[in-house]
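*Asks:* Each residue of the sequence shown is one higher than the one before, counting from 1 in the UniProt record's numbering. The C-beta atom is built at its ideal place from N, Cα and C for all residues, glycine as well. The structure displayed is predicted, hence computed values, not measured ones.
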Amino acid sequence: MRGRVNAGLLAGGALVGLVVLAALVSFFWTPHDPTLVDAARKLREPGDGYLLGADKFGRDTFSQLMIGARTTLYVGVVAVGIAAALGVPLGVIAGMTPRGWLSELIMRVNDLVFAFPALLLAVMLGAVYGAGTLTAMIAIGVATVPAFARVARAATLQVMVTDYILAARAAGRRRTAIAMRHVLPNIGSVLIVQASVSFAIAILAEAALSFLGFGTRPPTPSWGRMLQESQELLFSTPRLALWPGLAIALAVLGFNLLGDGLRDYLDPKLRRAGEEA
Numbered sequence: 001m002r003g004r005v006n007a008g009l010l011a012g013g014a015l016v017g018l019v020v021l022a023a024l025v026s027f028f029w030t031p032h033d034p035t036l037v038d039a040a041r042k043l044r045e046p047g048d049g050y051l052l053g054a055d056k057f058g059r060d061t062f063s064q065l066m067i068g069a070r071t072t073l074y075v076g077v078v079a080v081g082i083a084a085a086l087g088v089p090l091g092v093i094a095g096m097t098p099r100g101w102l103s104e105l106i107m108r109v110n111d112l113v114f115a116f117p118a119l120l121l122a123v124m125l126g127a128v129y130g131a132g133t134l135t136a137m138i139a140i141g142v143a144t145v146p147a148f149a150r151v152a153r154a155a156t157l158q159v160m161v162t163d164y165i166l167a168a169r170a171a172g173r174r175r176t177a178i179a180m181r182h183v184l185p186n187i188g189s190v191l192i193v194q195a196s197v198s199f200a201i202a203i204l205a206e207a208a209l210s211f212l213g214f215g216t217r218p219p220t221p222s223w224g225r226m227l228q229e230s231q232e233l234l235f236s237t238p239r240l241a242l243w244p245g246l247a248i249a250l251a252v253l254g255f256n257l258l259g260d261g262l263r264d265y266l267d268p269k270l271r272r273a274g275e276e277a
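1. For R59, which option in V37, D48 and V78 has the closest C-alpha, if you only look at C-alpha atoms?
2. Hey, is the region 92-105 in contact with the region 63-81, meaning 3+ C-beta pairs nearer than 8 Å?
3. As a quick exercise: from T216, Q194, E229 and I192, pick the residue whose alpha carbon is nearest that of T135.
4. Who pairs with residue 337 in a beta bridge, going by DSSP?
5. Would the beta-carbon of S210 be found less than 7 Å away from any heavy atom of the ligand FMN?
6. Pairing CB atoms from the region 240-257 with CB atoms from the region 67-86, are three or more of them under 8 Å?
7. Based on the DSSP secondary-structure assignment, which residues constitute the bridge partners of G81?
8. Look at the Cβ atom of V78, then the Cβ atom of G130, and state whether they are nearer than 8 Å.
9. Are L266 and S189 close, meaning C-beta to C-beta below 8 Å?
10. Determine the closest residue to K42 out of I187, I106 and G53, with distance taken between C-alpha atoms.
11. What residue range does the alpha helix (DSSP H) around E229 cover?
12. Considering just the uninterrupted stretch of the alpha helix (DSSP H) at A101, what are its terminal residues?
13. Can you give the beta carbon distance from V145 to G87, rounded, assuming they're within the 8 Å contact cut?
14. Using DSSP bridges, identify the partner residues of G47.
15. Among S196, A14 and P238, which one has its Cα closest to the Cα of R263?
16. Check for me: the alpha helix (DSSP H) holding T216 runs from which residue to which?
17. Measuring CB to CB, does P31 end up less than 8 Å from G49?
18. Would you mind stating whether A149 and N186 have Cβ atoms separated by less than 8 Å?
19. What does a CB cutoff of less than 7 Å around R4 pick up in its chain, not counting 5 residues either side in sequence?
20. I believe S9 touches G254 by the beta-carbon criterion, under 8 Å. Please report the beta-carbon distance rounded to the nearest angstrom.
21. Among residues of its own chain, excluding the 5 on either side of A200, which ones have a beta-carbon nearer than 6 Å to its beta-carbon?
22. From T133, W29 and R44, pick the residue whose C-alpha is nearest to that of G213; which is it?
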């Protein structure tokens, strides 16, 4: 079991590292200008300096994939950051006061937000403020808050019944001090895993929003919009949909494997079970 966990963690880390590397390199170099429209190179097959060919506008597919990786990571980092910044404090507060009215209010509002999918929220925000990358980040972030709040609350409830928390409360420590010094450090591993899984969800959500026209606006490349632009040529030039679809699948797989591997590695119970096996 321990070998399988390490293999999954390494595989996930490798896939995520590949996406991050492509995004970082795109800041300094791309084979061609990803936004340059060249009718003479329309639907050019791979070769002659175009590693993956060109799309229906003559833009280099490989360069678009590299910039798309940057866009995807940017949206994911900000969206997960918003979700964690809002969801973790709410979950910790609810977990530290499980029988209070505040905890009940937080969780009921949490359930209400959970009922609104990111896509629906993005459509609503797009109608009011206009579609764009900022709209996608806010929509995905807000829609992911309930997941962080639930995970943080469940982990906090487990920590609050431990002996060292009881000792800290008996010593008269304030709740803020207990949360910062004892609760957050002990639920950090769970939150890291949740962040990794939420990142995979954010990648899918950003691609879906861009596909529908509510995400990243042109001319900035996006994997989701690359899929949208290739759908009319799906049967005649399937490679245009293959590469962005493969990029999305590998990125999501990488973050899911990374999350599962981190969970198994950071969870003492699972690690102990692996050692016994």
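*Replies:* So, from the data block:
1. V37
2. no
3. T216
4. Outside the modelled stretch of the chain, which goes from 1 to 277, sits residue 337, for which no answer is possible.
5. Although the ligand FMN was asked about, the structure shown includes no ligands whatsoever.
6. yes
7. Paired residue(s): none; G81 is not in a bridge.
8. no
9. yes
10. G53
11. W223 to S230
12. It should be noted that the sequence gives Trp, not Ala, for residue 101. Taken as a continuous stretch (DSSP letters only), the alpha helix (DSSP H) holding W101 covers W101 to F114.
13. 4 Å
14. Y50
15. S196
16. Run containing T216: none; DSSP gives neither H nor E here.
17. yes
18. no
19. At R4 the pLDDT is 45, less than 50, meaning the model places this residue with poor confidence; the figure from the coordinates comes in the next sentence. So no residue of the chain qualifies.
20. A small correction: the amino acid at residue 9 is Leu; Ser does not occupy that position in the sequence shown. Rounded, the Cβ-Cβ distance is 11 Å, inconsistent with contact.
21. V252, F255 and N256
22. T133
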